[in-house]
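In terms of UniProt numbering, the sequence shown opens at residue 1 and continues consecutively.
C-beta: ideal position from N, C-alpha, C; glycine also.
Quantities reported herein were computed from a predicted structural model and do not represent experimental measurements.
Input: a single structure, listed below in structure tokens.
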Amino acid sequence: MAFAASNCCRTLLFSSTTHRQIAAFSLHQFRLHRLYSSRRNVVHILEERGLLDSLTSDALRRPDLPLPPLRVYCGFDPTAQSLHLGNLLGIIVLSWFLRCGHQAVALVGGATGRIGDPSGKSLERPELDPVSLDSNVSSISATIQTILGRVSTPASVTILNNYDWWKDVKLLDFLRDVGRFARVGTMMSKESVRKRLESDQGMSYTEFTYQLLQGYDFLRLFRDEGVNVQIGGSDQWGNITAGTDLIRRILQTEGAYGLTFPLLLKSDGTKFGKSEDGAIWLSPSLLSPYQFYQYFFSISDADVVRFLKILTFLSLDEISQIESEMRSPGYVPNTAQRRLAEEVTRFVHGEEGLDEALKATQALRPGAETKLDWKTIETIAEDVPSISLQQDQVLNLSLLDLSVRTGLLESKSAARRLLKQGGLYLNNNRIDSEAKRIETNDIVDGKVILLSAGKKNKMIVRVS
1 MAFAASNCCR TLLFSSTTHR QIAAFSLHQF RLHRLYSSRR NVVHILEERG LLDSLTSDAL
61 RRPDLPLPPL RVYCGFDPTA QSLHLGNLLG IIVLSWFLRC GHQAVALVGG ATGRIGDPSG
121 KSLERPELDP VSLDSNVSSI SATIQTILGR VSTPASVTIL NNYDWWKDVK LLDFLRDVGR
181 FARVGTMMSK ESVRKRLESD QGMSYTEFTY QLLQGYDFLR LFRDEGVNVQ IGGSDQWGNI
241 TAGTDLIRRI LQTEGAYGLT FPLLLKSDGT KFGKSEDGAI WLSPSLLSPY QFYQYFFSIS
301 DADVVRFLKI LTFLSLDEIS QIESEMRSPG YVPNTAQRRL AEEVTRFVHG EEGLDEALKA
361 TQALRPGAET KLDWKTIETI AEDVPSISLQ QDQVLNLSLL DLSVRTGLLE SKSAARRLLK
421 QGGLYLNNNR IDSEAKRIET NDIVDGKVIL LSAGKKNKMI VRVS
């Protein structure tokens, strides 16, 4: 919504729908509702699962919170083609609100993404060109809609792009109508600002204003969309309170609230959601459901129970049962990890994605009896080293020589040693004979060969 230069602040910020929307959605109006609801308060659920860090007000703990439903928003920066595992918590918390009968709004920062949120960052983010940014906004919006659409009706989820209103905002109008309500001392005291100012890199004015821009997003959503709660990671506390402060000062109401959840960390304090190859993306075009599944399957025993509480919707009783089984003598290793991987993969990629991951996991396990096909091997093609060879370079070549030529193993002696130990596989079949040579029927569907050195190291040989 554009600022009209001729309008004063009071006229601008109180549109004809302002009072109606604030009255309809303000938490203060909840006191008018005395109806009993059997639904549990979503804040209590988040707290007992380890998904609550801070609240701006304990009003969100009220037992009658579900009546009327809240409209809750979480922001997502379009700084990459896809959301990553670090963004997943925001989607999960939105999903919990949806499951408790509330409404979710995902705000993709088509405007603020042009600046970059300095929270938790030691350096200013590189600027994205408009074409890339618009493409990122589109793909991220589709991902959020797909994931949340599985747990709610379309009417319960709204995807917005803040560029839709920021593109019409004029600087002088913004400074007059919004900037004058922001206190510089308060802005300077935010942790994200203090850390950057104390660093050698410092902070640009552009980044410094980010909290005010995000604060206005909340004000605009509160006023025009009936959004009354903003959620975010614990590093977003300063930006969230900037919004509640603006709403209180400009609209003169206490009806806006903030909730933060902890950042996703492993038990050793390192950031969760990174692999040796980089970020764990949510988009299947950047990371296959198989590889996504495998990441969770490899989680340590020290982290798996906590992640079951945070990242899945299993009941706490069921998770406690899994934890008890882990301590029992007959526990099969990685059973808990398998359940975690299944639940998170299903949430992000749906039943179809989980089915793809499970089929690939089974088929690509060395020693598996499942017959390999070209399509199954292709599901891991982006995540496994590969090499292209002519058919005449492969046929009648010994398996030992092929293992070395493809780079799977360093030397023929290493290949021979691994074979004797029972760890060399051709298309998941363990090979025990040094005399084994590649035949036509070893080339899967006439296109590929899968070599495995042990359980994890693989090589795809593309044959042409």
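Item, Value
"Measure the CB-CB distance between T260 and S285 and report whether it falls below 8 Å.", "no"
"Here's a check: name, in chain order, each residue in its chain whose Cβ is nearer than 7 Å to the Cβ of I319, leaving out the five neighbours to either side.", "V305, L308 and K309"
"If I'm right that residue 465 touches Q230 with Cβ under 8 Å, what's the distance once you round it to whole angstroms?", "Because the chain in this structure spans residues 1 to 464, residue 465 falls outside the shown range and cannot be described."
"Does the structure place the stretch 279-297 close enough to the stretch 375-392 that three or more beta carbon pairs sit under 8 Å?", "yes"
"Any idea which residues DSSP pairs T260 with across the strands?", "S54 and G232"
"By DSSP, does H102 sit in helix, in strand, or in coil?", "coil"
"Pick from K375, D200, G101 and F208: whose alpha carbon is nearest that of S192?", "F208"
"If you drop the 5 nearest sequence neighbours on each side, which residues of the same chain put their C-beta closer than 6 Å to that of A357?", "P289, Y290, Y293 and T345"
"Report back the beta-carbon spacing between V131 and N161 to the nearest angstrom; my notes put them in contact at under 8 Å.", "Not quite, the Cβ-Cβ distance comes to about 15 Å (not below 8 Å), so this is no contact."
"Among the residues of its own chain, which have a CB less than 8 Å from the CB of D442, if the five just before and after it don't count?", "L426, N427 and I449"
"If I follow the unbroken alpha helix (DSSP H) through V461, where does it start and stop?", "Unbroken run through V461 is the beta strand (DSSP E), N457 to V463; no alpha helix (DSSP H)."
"Under 8 Å, do N396 and I431 count as touching if we go by C-beta distance?", "no"
"I'd like to confirm the pairing. Which residues does DSSP put opposite G75 in its beta bridges?", "L107"
"What runs of the beta strand (DSSP E), each 3 residues or longer, lie entirely inside the stretch 154-218?", "157-161"
"Nearest-angstrom Cα distance between P78 and L282?", "13 Å"
"Closer than 7 Å by C-beta to W374: which residues in its own chain qualify, once you throw out the five before and the five after it? Chain order, please.", "V444, D445, K447 and V448"
"Out of A368, K271 and T158, which has the shortest C-alpha to C-alpha gap to K455?", "A368"
"Going straight from the alpha carbon of Y73 to that of G86, what length do you get?", "17 Å"
"Can you list, in chain order, the residues of its chain whose CB lies under 8 Å from that of E198, leaving out five sequence neighbours each side?", "none"
"Inspect the beta-carbon positions of Q211 and S139 and report whether they are closer than 8 Å.", "no"
"What residues in its chain sit with their C-beta under 6 Å from that of L424, if we drop five residues either side in the sequence?", "L418 and I431"
"Can you have a look at L354 and say buried or exposed, based on whether 16 or more other CB atoms are within 10 angstroms of its CB?", "buried"
"Can you tell me which residues form a DSSP beta bridge with A453?", "L424 and N457"
"Quick check: the stretch 407-417 against the stretch 333-347, are there 3 or more CB pairs under 8 Å?", "no"
"So for S328, helix, strand or coil by DSSP?", "coil"
"Alpha carbon to alpha carbon, what distance is there between F181 and H19?", "Confidence is the limiting factor: at H19 the pLDDT is only 44, short of 50, which leaves the residue's position unreliable and the question unanswerable from this model."
"Looking only at C-alpha atoms, which of Q362, L246 and T146 sits nearest to V348?", "T146"
"Quick one: give me the first and last residue of the alpha helix (DSSP H) that I140 is part of.", "P130 to G149"
"Measuring alpha carbon to alpha carbon, tell me which of T112, T241, F296 and R49 ends up nearest residue 479.", "With the chain running from 1 to 464 in the structure shown, residue 479 is simply not present."
"Which of the three DSSP states is assigned to V42 in this structure?", "helix"
"Select from F174, T112 and G185 the residue whose C-alpha is nearest the C-alpha of L133.", "T112"
"For T143 and L83, which I take to be in contact (beta-carbon distance under 8 Å), what is that distance rounded to the nearest angstrom?", "6 Å"
"If I'm right that residue 466 touches L148 with Cβ under 8 Å, what's the distance once you round it to whole angstroms?", "Nothing can be reported for residue 466, as the shown portion of the chain is limited to 1 through 464."
"Kindly indicate the opening and closing residues of the beta strand (DSSP E) around L389.", "S386 to L389"
"Report the three-state DSSP secondary structure of V305 (helix, strand or coil).", "helix"
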